[in-house]
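Those protein sequences? They're chains A and B, same order as listed. My numbering applies: residue 2 is where the first sequence begins, and numbers increase by one. My numbering applies: residue 2 is where the second sequence begins, and numbers increase by one. Beta carbons: idealized from backbone N, C-alpha and C, even for Gly. The structure appears right after this line, and notes come after that.
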Amino acid sequence: MTVPRPPRGTRELLSAGILAGPALLLLLATMLLPVLAVFVIAVTDWQFGAGHLSFVGLDNFVALFGDAVFRASITNTVLYVCLVVPATVGLGLALALLIESCGRLRAFYRAVHFLPYMATLAAMAVVWEALLHPTIGVVNRTLQGLGWPVANWLRDESTVLPTLAVIGIWQGLGFALVLFLAGLKAVPRDLYDAAEVDGADGTLDRLTVVTLPMLGPVTMFVVIVTALRAFEVFDTVRILTEGGPAHASEVLLHTLYVESFEYLRTGYGAAVTIVFLLIVMVLTLLQAKVMDRRVHYS
Amino acid sequence: MSAGVVLDRVSKRFGTESVLADVSLEIRDGEFLTLLGPSGCGKSTLLRIIAGLEAQDAGSVFIAGRRADRLRAKERDIAMVFQTYALYPHLTVAENMALPLKMRRMCLAQRLPGIGRLWPGRKAVARSIRDDVAATARALEIAHLMHRKPGQLSGGQRQRVAVGRAVVREPSVFLMDEPLSNLDAKLRVVMRAEIKQLHQRLGATILYVTHDQSEAMTLSDRVAVMHRGTLAQVGTPQAIYADPENLRVAEFVGSPMINTLSAIVASPSGVVLDGVALPLRTGLPAGGAVTLGLRPEAVSLAPAPGAGLLNGTVRLLEHMGAELLVHVALDGGETLTAKLDVARAGLVAVGRAVAIRPHLDQVLVFAADGRRLRCADHGGAVPASRGARA
């Protein structure tokens, strides 16, 4: 060979580039560029299908935070998350402990509770609508029969969000339950034996000495996933309430959808998306950082 | 404070499978007794029954003279060291060791996280616990690890903490379930010595489960060899080695394994092995089959073939340092391992014909069913002191 070989460093860089290139391109095309596009659109006044756009700076964001509907949307979303996450995690854990301790019919209970998670929520929403119908719904009929007060669950500003939260809990419970059951299976039996010899053989002691600490990593995962899913609540709102009445069930993704695809204010919708992305990202980082230190023991 | 343990006809079955059948055993106050046996022989189950972690189907357990059958694990005044150590991974070493004391000395309200601190009297109890934990940690030389979590410790350190958690409570009886089997070979020898010292220092009763015969032989006052849910033999390590009651015990104890050679009874006072007549009394009628057990050190090299010698060819040599293991294929088809002084290495080479002299006074004779025949002229009643250790 008479051609001088390129220096070693350059060659390595070249082969590294060739090897990583395809993956990098895919990553750019499917992940990074769309996100970048959202950021670009958010600072324009582009409307979907329009042939022109102009740079408006942070106007979209200023308008956003001045918008009462958007503020209601954020408040509702946070409230919804605060209702759904603790209830889903708490009930999921309690159910998992009960099922684990009962021995028989374990698979049956697991399947039954997991069904709502597998079912299409759009279809299930119709069932919920029928159940919650103010005059002919089973819920109000039952309450009436018991002589208890009834409500127009999905049409009343004060009940609509909690009602949606109940549906959200109903749907996410199976997921939390199955994860907790798997977590319980992974707890070493030896630890329970050691706890028993050490004197921690009561239900409460077993729970605090062994079960709950050992479920730490699973709990962290369940909390994060449940919270993210709660932030993304959309289909029940869209099908059952369309954000009403009077924006009492307006949530972030619904606002985003309406602004982008009904009013076709794509620039404005992109700004909502960015706020949504930020919230989700901050939440994830915060949870991971705070909880990671407390649940992994090595 | 220590006490003995008595097992009275303890039985246990899992489903249709009998795991323990009528096991009766007395562990004396302050004794170090090892349950030795292959995996699946029921030794761990027996330990768990004594601990109260498993309920026996029949029979009774007495701890310190007290019937313990209906006592819960925490009421039995025992402590247990687990094979996996079973340390609480979310607690520091100090908290791990303090837990059994906390469960005993504090009431439920005082143990509650946060508000427990406000409960009257907690401070004094907490101080007493801290002092006891610190004293035990010093004795076990783990004081510098107190604020680490188990995940940050090496295997040996974890093992020491597990022992510490057991010792700190000062129980009457220690139960140890293969506590060294997760350590590497070198550390195992070190920790073995430490456990022995611990026993001498505490004077406590220790029940130790292992499948490792060297642990059983070096640690124990007495060894209980288990086989398929029954006790095959209980005795001092020397007796188990030199005077086994059946072929199974003889085969399980000793490394390298005892040589077992089939022989035919020629007369009540002689057997024939590989065509060689040996004057061993069996008391059996001629024509019966027996098994001769020859420890590798119970044979020596003879300078030349002759009467009463076994002839064979050297197949393999293993240098063990001070000793030489010679694997010999006997002319009759059986194989035999001899342990020789390494000084005799010059006399053997692979492929060379050798003559082996069995030490008739050390030959163990077993009946066809594995039972030891003690009416032999020489083999019976071997003094315990002559048994060499594995």
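By the CB criterion at 8 Å, A201(A) and M104(B) fall inside the cutoff.
Per the Cβ contact rule, the stretch 337 to 344 of chain B is in contact with the stretch 314 to 324 of chain B (3 or more Cβ pairs under 8 Å).
Comparing C-alpha distances from D185(B) to each of G156(B), Q198(B), T219(B) and S61(B) shows the shortest one belongs to G156(B). Non-local beta-carbon contacts of I275(A) in its own chain, meaning distances under 7 Å to residues more than five positions away in sequence, involve V39, F40 and A43 in chain order. Assignment of beta-bridge partners to Y209(B) by DSSP yields T35(B) and M177(B). Contact check for L180(A) against V219(A) passes: the beta carbons are separated by less than 8 Å.
Among the residues of chain B, those whose CB is under 7 Å from the CB of D191(A) are F83, T85 and A87, following chain order. Within the same chain, and ignoring the five residues on either side of R10(B) in sequence, the residues whose Cβ sits closer than 8 Å to its Cβ are D23, V24, S25, A59, G60 and S61.
The bridge partners DSSP lists for Q234(B) are V226(B). D132(B) carries a helical assignment under DSSP once its states are collapsed to helix, strand and coil.
Cα atoms of V79(A) and I240(A): separation of roughly 20 Å, rounded to the nearest angstrom. L176(B) is positioned such that its CB atom lies no closer than 8 Å to that of T35(B). Between A144(B) and M81(B) a beta carbon distance of about 23 Å is seen, past the 8 Å cut, so the two are scored as non-contacting. Of the residues A88(A), D68(A), A123(A) and V188(A), the one whose Cα lies closest to the Cα of G217(A) is V188(A).
With its beta carbon at least 8 Å from every one in chain A, P180(B) lies outside the interface. The residue among G244(A), V140(A) and T121(A) with its C-alpha nearest the C-alpha of L162(A) is G244(A).
C-alpha of L182(A) to C-alpha of G91(A): approximately 13 Å in a straight line. Assigned with DSSP and collapsed to three states, R193(B) falls in helix.
Residue pairing by DSSP places T314(B) opposite A330(B) and A354(B) in a beta bridge. Here F71(A) is not near T267(A), since their CB atoms are 8 Å or more apart. Inter-residue distance for A287(B) and H360(B) is about 23 Å (C-alpha atoms, whole angstroms). Ranked by how close their Cα comes to the Cα of R29(B), the residues V20(B), P297(B), G236(B) and A4(B) have A4(B) in first place. In the displayed model, T160(A) falls within coil according to three-state DSSP, outside both helix and strand. When CB distances to chain B are screened at a threshold of 7 Å, the residues of the stretch 172 to 204 of chain A falling below it are P189, D191, L192, D194, A195, E197, V198, D199, G200, A201 and D202, in chain order.
D275(B) and D332(B) do touch by the CB rule: their CB atoms are close to 6 Å apart, below 8 Å. The stretch 251 to 286 of chain A contains, as complete alpha helix (DSSP H) runs of 4+ residues, the segments 253 to 258 (chain order). Taking a contact as a CB-CB distance under 8 Å, the pair L155(A) and L133(A) counts as one, their CB atoms being some 6 Å apart. Secondary structure at V70(A): helix, using DSSP grouped into helix, strand and coil.
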